[in-house]
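Taken in sequence, the protein lines are chains A and B.
What the first sequence shows, in the working numbering, is residues 48 to 164, in sequence order.
What the second sequence shows, in the working numbering, is residues 3 to 114, in sequence order.
Glycine included, each C-beta is placed from N, C-alpha and C at the ideal position.
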Amino acid sequence: DVKVTQSSRYLVKRTGEKVFLECVQDMDHENMFWYRQDPGLGLRLIYFSYDVKMKEKGDIPEGYSVSREKKERFSLILESASTNQTSMYLCASSPNHGGSGAEYEQYFGPGTRLTVT
Amino acid sequence: GESVGLHLPTLSVQEGDNSIINCAYSNSASDYFIWYKQESGKGPQFIIDIRSNMDKRQGQRVTVLLNKTVKHLSLQIAATQPGDSAVYFCAELPPLGGKLIFGQGTELSVKP
Chain A
48 DVKVTQSSRY LVKRTGEKVF LECVQDMDHE NMFWYRQDPG LGLRLIYFSY
98 DVKMKEKGDI PEGYSVSREK KERFSLILES ASTNQTSMYL CASSPNHGGS
148 GAEYEQYFGP GTRLTVT
Chain B
3 GESVGLHLPT LSVQEGDNSI INCAYSNSAS DYFIWYKQES GKGPQFIIDI
53 RSNMDKRQGQ RVTVLLNKTV KHLSLQIAAT QPGDSAVYFC AELPPLGGKL
103 IFGQGTELSV KP
C-alpha cells in the first residue's frame, strides 16, 4: 500500500514564526503536492513537484515555499506564519503513468492541522 | 472566533440502504475522474476511478457512473454502513497536463 506520512498531525505556531511541514512517501512516486483545505473552499493547490529539485506554483503559492531535495520528501515552508494560514494542510503523491506526465490518482497523507495564533 | 463557511450538501441514509452521491464536473474534456472519501480528521482516501471512455465501473460495494453528456458523475454505495459516514468528493483531470480539480464534497451520514 502507498503510504504518505506527514510530520505532525497538529501544530500550533505564533505569528511571524517560520514553519516547516514535512511529507514523505514510500512508493517512489514522481509527483508530490501540497494542498490546504478550508471549509467551503475545498482543496486548493499550493505547490507541486514533478521531480527532485523541481517545483511549480499551484493556485495559492503566496506566503509559501517548498523544497524537494530527495524524491521521497516534499517540504512546505511558511516563511513568516500569519493567522490566515491557519488551515488543514494535506500532502499527496502520485505516479507518472507510462512517463506521460499524467498524474492520475493522488494518494494523500493524514493532514496537518496548523493553527497560527 | 470561529469562521462560518459554506455548509456541505448532506445526505442522510439508513444503515443498509443504498446511497447515491452526485457530482457535477466542470471540464467537458476531462478524461479521468476519481472519487475520494474523507473521514473526520483524516486525509482523503482513494475509492474508485473511471476513465472517460467508460460510463460505469464497479468496485467492492461501490459503483461509479459517468454521464459525459451532462458532465455528471455519481457514486453509488450499496448496503451503506456506519463506517461509510464521511465526506465524499469527486476529482476530474483535465487533458494536456492539467491539475486535478476537486469538488466541494457531500457529507454522508449513516443512521444505525
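Under the three-state DSSP convention, the category residue i falls into
i	result
T162 (chain A)	strand
Q132 (chain A)	helix
V51 (chain A)	strand
G89 (chain A)	strand
D86 (chain B)	helix
A2 (chain B)	An answer regarding residue 2 (chain B) cannot be provided, because it is not within the stretch 3 to 114 covered by chain B.
S147 (chain A)	Only weak support exists for where S147 (chain A) lies, its pLDDT of 49 falling under 50; the value from the coordinates is given anyway. Here S147 (chain A) sits in coil by DSSP.
R56 (chain A)	coil
M101 (chain A)	coil
V6 (chain B)	Legend: pLDDT at V6 (chain B) = 40, less than 50; position of this residue unreliable, value from coordinates given subsequently. Coil, per DSSP.
Identity of the residue in the options nearest residue i by Cα
i	options	result
R115 (chain A)	A:G105, A:M74, A:N78	A:N78
I50 (chain B)	B:K101, B:A93, B:E109	B:A93
R160 (chain A)	A:T133, A:V66, A:L123, A:S127	A:T133
L10 (chain B)	B:I23, B:E17, B:P97, B:Q16	B:I23
D73 (chain A)	A:G156, A:V163, A:L88, A:G110	A:G156
M56 (chain B)	B:K101, B:L95, B:D33, B:Q16	B:D33
K118 (chain A)	A:G89, A:S141, A:R56	A:S141
G89 (chain A)	B:G107, B:S111, B:P114	B:G107
T12 (chain B)	B:F104, B:P114, B:S87	B:S87
D19 (chain B)	B:Q83, B:E109, B:E41, B:L67	B:Q83
Presumed contact (8 Å Cβ cut-off) between residue i and residue j, rounded CB distance
i	j	result
C138 (chain A)	Q53 (chain A)	6 Å
Neighbour list for residue i in chain B, Cβ cutoff strictly below 8 Å
i	result
L161 (chain A)	By Cβ distance, chain B contributes nothing, its closest Cβ being about 14 Å from L161 (chain A), past 8 Å.
G158 (chain A)	G43, K44, G45
G89 (chain A)	F91, F104, G105, Q106, G107
Chain A residues whose Cβ lies nearer than 7 Å to that of residue i
i	result
F48 (chain B)	E152, Y154
G61 (chain B)	None at all; the shortest Cβ gap to chain A is about 13 Å.
Contact list for residue i against chain B, beta-carbon separation under 9 Å
i	result
G63 (chain A)	Result: empty, since nearest Cβ-Cβ is about 21 Å, beyond 9 Å.
Open item on the list: Count Cβ pairs between the segment 84-103 of chain A and the segment 60-73 of chain A that sit closer than 8 Å; are there 3 or more?
Closed with: As far as the Cβ criterion goes, the segment 84-103 of chain A does not touch the segment 60-73 of chain A, which means the pair count is below three.
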